[in-house]
Amino acid sequence: MQKTKLEKERIKGYVHLTHRSVKEIKYEVDFEVPANFGEIGAVLVENEHKRESFMKEIVLDGFLTGPIKFSCDSWVHSKFDNPDLRVFFSNKCYLPSETPEGLKRLREGELVALRGNGQGERKVFERIYDYDVYNDLGNPDKDPGLKRSILGGKEHPYPRRCRTGRPRCAKDPLSEKPSDKVYVPRDESFSDVKQATFSVNMLKSALHALVPVLRTSVVDKNLGFPIFSAIDDLFNEGYNLPSQQQKDLKTILPRLVKLVQDVGFCLTLVKCSNNIR
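Here full-length UniProt numbering is used: the first residue of the sequence shown is 1, the next is one more, and so on.
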């Protein structure tokens with residue numbers, strides 16, 4: 001590439017596992033680079049696992065000028081999700097006018113991959129930075145009264161959101177069907193730890209709001225416990241709810257159960273009393 005500035009034929013190799021720990025896994029591969037190959041500017045990666053893999057960095061050793069590093073810090077999709085190879089460029093920077101011819105095609109292809117073509121529904125593993133208006137705030141298919149204005153157009157200017165490409169509502173073709181899952185480019189999404197923390201905090205907030213509602217729905221503030229034995233009867237015989245309170249409780253409890261199921265575990269722990277510690 002130094003003399004002709006043209007893209008050279010790819011040198012292929014298959015990595016093998018050399019180290020595994022709790023935090024990282026290392027792979028290595030041996031290959032020969034011809035003396036006239038020129039400067040290495042990019043590495044193409046194919047993930048043959050069934051699941052995505054997080055690539056921290058790539059280091060090429062064995063050169064007289066020292067190791068060549070490729071800072072990745074990115075998720076690499078599985079070839080079963082997307083057959084296109086993932087490209088990583090070396091840490092050496094070029095001005096657009098000084099980019100070697102051998103890298104221009106790869107650079108342009110990477111730009112197209114990030115921009116997308118504005119078609120299709122976004123998948124979790126994609127890295128497309130395409131934008132759209134907020135046309136998914138309502139749910140007119142469920143109730144015409146739930147139709148909402150579109151934010152981000154000329155009538156209601158607003159910053160854009162990531163385009164999802166979800167199907168349109170049957171009763172309002174200008175609106176997208178709402179979804180609980182929000183698409184963001186894969187490298188911008190929360191890590192597993194951060195997502196779990198966010199879910200726990202969301203559950204805590206919901207429970208703090210639900211407990212007062214449950215209390216007001218099932219407890220009559222005008223009633224009390226006239227004698228201590230009445231408290232025992234509450235555990236042994238239960239408490240007969242009025243019909244309206246039964247209706248309210250049946251409405252609230254499924255929501256609480258669904259909320260806990262969505263998070264995947266229970267957080268309703270009761271703090272231990274000091275006198276029984």
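A virtual CB, placed ideally from N, CA and C, is assigned to each residue, including glycine.
Nothing here was measured: the structure is a model prediction, and the numbers come from that model.
The three-state reading of DSSP puts Lys23 in coil, since its state is none of H, G, I, E or B.
Ala42 is bridged by DSSP to Phe89. Linking Gly138 to Tyr131 through their CA atoms gives a straight-line distance of about 19 Å.
Between Gly116 and Ile128, the gap from beta carbon to beta carbon is short of 7 Å. The DSSP-derived three-state label of Glu176 is strand.
Val112: not part of any beta strand (DSSP E); member of the alpha helix (DSSP H) spanning 101-115, first to last residue. Separation of the CB atoms of Asn135 and Ser74 is rounded to 30 Å, and the pair is thereby denied contact status at 8 Å.
Between Asp84 and Leu64, the alpha-carbon positions lie close to 32 Å from each other.
Taking a C-beta distance under 7 Å as the contact criterion, Val43 and Ile58 qualify as a contact pair. The C-beta of Asp172 has 16 or more other C-beta atoms within 10 Å across all chains shown, which makes the residue buried. Secondary structure of Leu203 (DSSP, three-state): helix. By the Cβ test, the stretch 86-105 is not in contact with the stretch 147-159, since fewer than three Cβ pairs between them sit closer than 8 Å. When C-alpha distances from Val29 are compared across Lys12, Lys69, Glu7, Gly102, the shortest belongs to Lys12. When rounded, the separation of the alpha-carbon atoms in Ser205 and Ser189 is 22 Å. Leu146 sits in a helix when the DSSP states are folded into three classes. Secondary structure note for Lys56: its beta strand (DSSP E) is the uninterrupted segment 53-60. Assigned with DSSP and collapsed to three states, Ser78 falls in strand.
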